[in-house]
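Trainee: So the protein sequences, as listed, match chains A and B.
Using the working numbering, you'd call the opening residue of the first sequence number 1 and step up by one each time.
Using the working numbering, you'd call the opening residue of the second sequence number 1001 and step up by one each time.
Glycine residues also receive a C-beta, built at the ideal position from the N, C-alpha and C atoms.
Once you've had a glance at the structure underneath, I'll fire off some questions.
Protein chains: 2
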Amino acid sequence: MPDTPRRADRIPGNRYGNRPTMKDVAARAGVGLKTVSRVVNGEAGVTPETERRVQEAIDALGFRRNDSARVLRKGRTASIGLVLEDLADPFYGPLSRAVEEVARAHGALLINGSSAEDPDREQELVLALCARRVDGLVVIPAGDDHRYLEPELKAGVATVFVDRPPGRIDADVVLSDNYGGARDGVAHLIAHGHRRIGFIGDMPRIHTAAERLRGYQAAMEDAGIPVKDSWMSLGVTDPERVRRAAEEMLADPHPVTAIFTGNNRVTVTVIRVLAQHDRGVALVGFDDIELADLLQPGVTVVAQDAAALGRTAAERLFRQLDGTLLAPERIELPTRLVTRGSGEVPPAD
Amino acid sequence: MPDTPRRADRIPGNRYGNRPTMKDVAARAGVGLKTVSRVVNGEAGVTPETERRVQEAIDALGFRRNDSARVLRKGRTASIGLVLEDLADPFYGPLSRAVEEVARAHGALLINGSSAEDPDREQELVLALCARRVDGLVVIPAGDDHRYLEPELKAGVATVFVDRPPGRIDADVVLSDNYGGARDGVAHLIAHGHRRIGFIGDMPRIHTAAERLRGYQAAMEDAGIPVKDSWMSLGVTDPERVRRAAEEMLADPHPVTAIFTGNNRVTVTVIRVLAQHDRGVALVGFDDIELADLLQPGVTVVAQDAAALGRTAAERLFRQLDGTLLAPERIELPTRLVTRGSGEVPPAD
DNA sequence: TAGAGCCTGGACAACGTTGTCAGAAGCGGG
DNA sequence: CCCGCTTCTGACAACGTTGTCCAGGCTCTA
């Protein structure tokens, strides 16, 4: 056994270290290049004896087909790109997992990246994926102008947007019913007797945030409740500011008796604020959160099915790739109100 | 505006739809092929006027460099592969996010896949990534024999294992101090007066599970407490069986007064069981869980820093790629005991 | 004005694979 | 014994890019 460290084996001059190619395998097996290709791809027309010799050479050399070259030749990469906002957000875990499962079922690999909610970074990522010639893209958009994708769409890159619609281009999109979900959630609070209901959500330039806000306003209007500006806090997302926003709403001489929160991160922060608050304030949050059922009270939420969003989008992507798809479509998945207690707290006054 | 659907634009015969190549751009700009290449790559030696003409042609045609061809030529893909167990597990979100951040800082894309804890699927994925000629691999292993990676390592594919060590090969690995963390967690329970302490964890064939079990046993032995077999439940991971295991431990005439849980999923289930239980049973869990601080009582955990694991591994990977690294190394990151209440409950009897 | 040197641009090969096509070998029937 | 057929094999071009190298035109100096 040699005692030189493993990595010293590398021959720096050689690309890919020093990987054997089909040519090397062919030489060693004493056959033609194409015969190796046939064996590697399981094509018919190779004598068992020849195949054995080739296989032996492959194993001896540790040959692995170079898919880059293959892709160049064949024009299909068998990979799709996923651009999302933040992998660490628990909402995107199941979504990306679902996309991956579908990709796997179609024999494709998943390449992904996070935009960190930055439109430039989104574009950079998408174009990098296109340069890789991914067969298709699933995009959770951060920006609101996707005209930069026009050449790609024209060139046949299958594209599906998820969670938020694309801006200024026409493409498939799979959404949750943000408007309806929020409206139902707020209506639920109203049905339990609340009239002064706060809303804390993200910047309205984000489609989901705008829709949820619209749902809130619709529910209030349906109930004939005029909304005070001080009940709405928009564009607030980092914990410290959410905390302050919630506390201000509660400190009012005529405080809100319930809060509707626009996404999971906001919900968690508001739960913390309410935990230190003695008066019973009702809470309904958009997006489910883990352990919501174990808190006191359990957290009532409007849940979206992240996995279903991902699955639906990916399946549609592969139908585009099959060529069986026609015009771009907008698919909206329903949300589900999960009552656990916090949304059923009666108004304090 | 034409009313034919967008996708009808595709010319099916052409690879990649009908993407323009550098040749097309060159023809349109009336320059040589290499000049286009120079402009695209920002190389020196092109007159501003020529550059302008080329750029114009690029924009007009919607040209994007084909990275497959580039990779073939250059030998570096500027991408790394990440193989993990389950993207939907909240533990892996931050980890994979951290890997992605480091990759991004080095200008690399991340290709990932889930093994679903299946060794065959892990191997399949890893080899698919190698066929893509990723520059490096970050692997959270599912299997315990990685000799199939030997040709890859020899060929210079940088490889770092995370969370669990590789089997039967020598390679870099970044781990949490599972043994020490579990020992400390259990010692914490003992320090609070517990002597009958249960352990519920995953199959000991999984390295982390085995180490945590070892930590449990060490702490008990250090305290001179003989462990009864009925206190240990191994290889139990799906919620229903965890529930049964916990209930059995508590139903014993001489029941455990505290439980140490071996991972986040087990912890969550046990929390549910304890919530329906009136006697105060102490709990310390391995892995932090969200909202653990808001439960009654707060959940005391041995927290690992998933992001740090990912970051450390990825950084080490890129140091391998820089060529500044020598022998494989084993890096162990410390865990942190976070006391929140559930671990400080005194024994019931 | 001639020669040296620099700058710009382009022709060409190579990367590793696959598709096309044609040649070689084997075999059976007339 | 030859022809035609089938079966297997390999030579060659092509995929789109980049590295090498050389040619031509220009500027600068003597």
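Please confirm if leucine 1295 of chain B has its CB atom under 7 Å from at least one CB of chain A.
Mentor: Leucine 1295 of chain B counts as touching chain A.
Trainee: Within 8 Å, do at least three Cβ pairs link the region 1169-1184 of chain B to the region 19-35 of chain A?
Mentor: No, the region 19-35 of chain A does not touch the region 1169-1184 of chain B.
Trainee: If we cut at 7 Å on Cβ distances, does glutamate 290 of chain A have a partner in chain B?
Mentor: Output row for glutamate 290 of chain A: interface = yes.
Trainee: Does leucine 1109 of chain B get closer than 7 Å to chain A when you measure Cβ to Cβ?
Mentor: Chain A, which has a Cβ nearer than 7 Å to the Cβ of leucine 1109 of chain B, makes this yes.
Trainee: Note the first and the last residue of the continuous beta strand (DSSP E) segment covering isoleucine 197 of chain A.
Mentor: Segment 197-200, the beta strand (DSSP E) holding isoleucine 197 of chain A.
Trainee: Give me the Cα-Cα distance between leucine 294 of chain A and phenylalanine 161 of chain A, rounded to the nearest whole angstrom.
Mentor: If I take the Cα positions, the gap works out to 34 Å.
Trainee: Strictly below 8 Å CB to CB, what residues from chain B border isoleucine 271 of chain A?
Mentor: Going along chain B in sequence order, the residues near isoleucine 271 of chain A (Cβ under 8 Å) are Leu1291, Leu1294.
Trainee: Taking Cβ positions, are leucine 274 of chain A and valine 284 of chain A nearer each other than 7 Å?
Mentor: Going by C-beta atoms, leucine 274 of chain A is not nearer than 7 Å to valine 284 of chain A.
Trainee: If distances are taken between C-alpha atoms only, which option among B/Pro1048, B/Cys1130, B/Leu1082, B/Ile1271 comes closest to alanine 1142 of chain B?
Mentor: The residue with the shortest Cα to Cα distance from alanine 1142 of chain B is B/Leu1082.
Trainee: Using a Cβ-Cβ cut-off of 7 Å (strictly less than) and excluding sequence neighbours within five positions of glycine 1107 of chain B, which residues of its own chain qualify?
Mentor: Cβ neighbours of glycine 1107 of chain B beyond the five flanking positions: Ala1078.
Trainee: Starting from the C-beta of glycine 1341 of chain B, find all residues in its chain whose C-beta is less than 6 Å away, skip the five residues before and the five after it, and write them out in chain order.
Mentor: Result list for glycine 1341 of chain B: Pro1297, Gly1298, in chain order.
Trainee: Between the Cα of valine 301 of chain A and those of A/Val186, A/Pro94, A/Gly75, spot the shortest distance and give me the residue it belongs to.
Mentor: The option with the nearest alpha carbon to valine 301 of chain A is A/Val186.
Trainee: Compare the Cα-Cα distances from threonine 1312 of chain B to each of B/Arg1028, B/Asp1349, B/Glu1043, B/Ser1096 and report the closest residue.
Mentor: When each option's Cα is compared against that of threonine 1312 of chain B, the closest is B/Ser1096.
Trainee: Excluding five sequence neighbours on each side, which residues of the same chain lie with their C-beta closer than 8 Å to the C-beta of aspartate 252 of chain A?
Mentor: Cβ neighbours of aspartate 252 of chain A beyond the five flanking positions: Ser230.
Trainee: Is the Cβ of proline 1094 of chain B closer than 7 Å to any Cβ of chain A?
Mentor: Chain A contact via Cβ: present.
Trainee: What is the residue span of the beta strand (DSSP E) that serine 1066 of chain B lies within?
Mentor: It should be noted that the sequence gives asparagine, not serine, for residue 1066 of chain B. First-last for asparagine 1066 of chain B: undefined, no H or E at that position.
Trainee: Starting from the C-beta of glutamine 304 of chain A, find all residues in its chain whose C-beta is less than 6 Å away, skip the five residues before and the five after it, and write them out in chain order.
Mentor: Cβ within range, chain order: Ser176, Thr335.
Trainee: Which chain A residues sit within Cβ distance under 7 Å of glutamate 1100 of chain B?
Mentor: Chain A residues near glutamate 1100 of chain B: Leu87, Gly113, Ser114.
Trainee: What is the DSSP secondary structure of arginine 336 of chain A, counted as helix, strand or coil?
Mentor: Looking at arginine 336 of chain A - three-state DSSP - the assignment turns out to be strand.
Trainee: Express the C-alpha separation of alanine 1103 of chain B and aspartate 1120 of chain B in angstroms, rounding to a whole number.
Mentor: Each residue's Cα considered, the two are about 26 Å apart.
Trainee: Please report the Cβ distance between threonine 1261 of chain B and isoleucine 1197 of chain B, rounded to the nearest whole angstrom; I am assuming they are in contact, meaning their Cβ atoms lie under 8 Å.
Mentor: 11 Å between Cβ atoms; not a contact.
Trainee: Measure from the C-beta of aspartate 135 of chain A to each C-beta in chain B and report whether the shortest distance is under 7 Å.
Mentor: No - not a single Cβ of chain B is within 7 Å of the one on aspartate 135 of chain A.
Trainee: Mapping DSSP to helix, strand and coil, what is leucine 1350 of chain B?
Mentor: Residue numbering for chain B in the displayed model covers 1001 to 1349; residue 1350 of chain B lies beyond these limits and cannot be assessed.
Trainee: Are the beta-carbon atoms of glycine 93 of chain A and alanine 1088 of chain B separated by less than 7 Å?
Mentor: Against a cut-off of 7 Å, the Cβ pair of alanine 1088 of chain B and glycine 93 of chain A comes out as a contact.
Trainee: Along chain B, which residues have their Cβ under 9 Å away from the Cβ of asparagine 18 of chain A?
Mentor: Per Cβ cutoff of 9 Å: Lys1154, Ala1155, Gly1156.
Trainee: From glycine 1030 of chain B to lysine 1023 of chain B, what does the alpha carbon distance come to, in whole angstroms?
Mentor: If I take the Cα positions, the gap works out to 10 Å.
Trainee: Are any of the Cβ atoms in chain B nearer than 7 Å to that of glycine 13 of chain A?
Mentor: At glycine 13 of chain A, the pLDDT of 35 sits below 50, so the modelled position is not reliable; the number obtained from the coordinates is stated separately. It does not; no Cβ of chain B falls within 7 Å.
Trainee: Check whether the Cβ atoms of arginine 19 of chain A and alanine 1155 of chain B sit closer than 7 Å, and answer yes or no.
Mentor: Yes; because the gap between Cβ atoms is below 7 Å, this pair is in contact.
Trainee: Since serine 68 of chain A meets chain B, which of its residues come closer than 8 Å, beta carbon to beta carbon?
Mentor: Simply Ser1068, Val1071, Leu1072, Thr1077, Arg1132, Arg1133.
Trainee: Does proline 1119 of chain B have its Cβ less than 7 Å from a Cβ in chain A?
Mentor: No, its Cβ sits nowhere closer than 7 Å to a Cβ of chain A.
Trainee: What residue range does the beta strand (DSSP E) around aspartate 144 of chain A cover?
Mentor: Premise fails: aspartate 144 of chain A is in no beta strand (DSSP E) and is neither H nor E.
Trainee: Give me the chain A residues within the contact set of glycine 1062 of chain B, using Cβ-Cβ distance strictly less than 9 Å, ordered along the chain.
Mentor: Ordered by position in chain A, the residues that pass the 9 Å Cβ test against glycine 1062 of chain B are Glu150, Pro151, Glu152, Lys154, Ala155.
Trainee: Using 8 Å as the Cβ pair cut-off and three pairs as the minimum, do the region 1232-1244 of chain B and the region 1199-1217 of chain B touch?
Mentor: Yes: the two stretches touch, three or more of their Cβ pairs being nearer than 8 Å.
Trainee: What span of residues does the beta strand (DSSP E) with alanine 1000 of chain B cover, start to end?
Mentor: The shown model of chain B, from 1001 to 1349, leaves out residue 1000 of chain B, and the question about it has no answer.
Trainee: Spatial neighbours of glutamate 1332 of chain B within its chain, please: CB distance less than 6 Å, with the 5 preceding and 5 following residues excluded, ordered by chain position.
Mentor: Hits under 6 Å: Leu1175, Asp1177.
Trainee: Near glycine 215 of chain A, which residues of its chain fall below 6 Å by C-beta distance, leaving aside the five closest residues on each side in sequence?
Mentor: Excluding positions up to five away in sequence, the list reads Tyr179, Ala182, Arg183.
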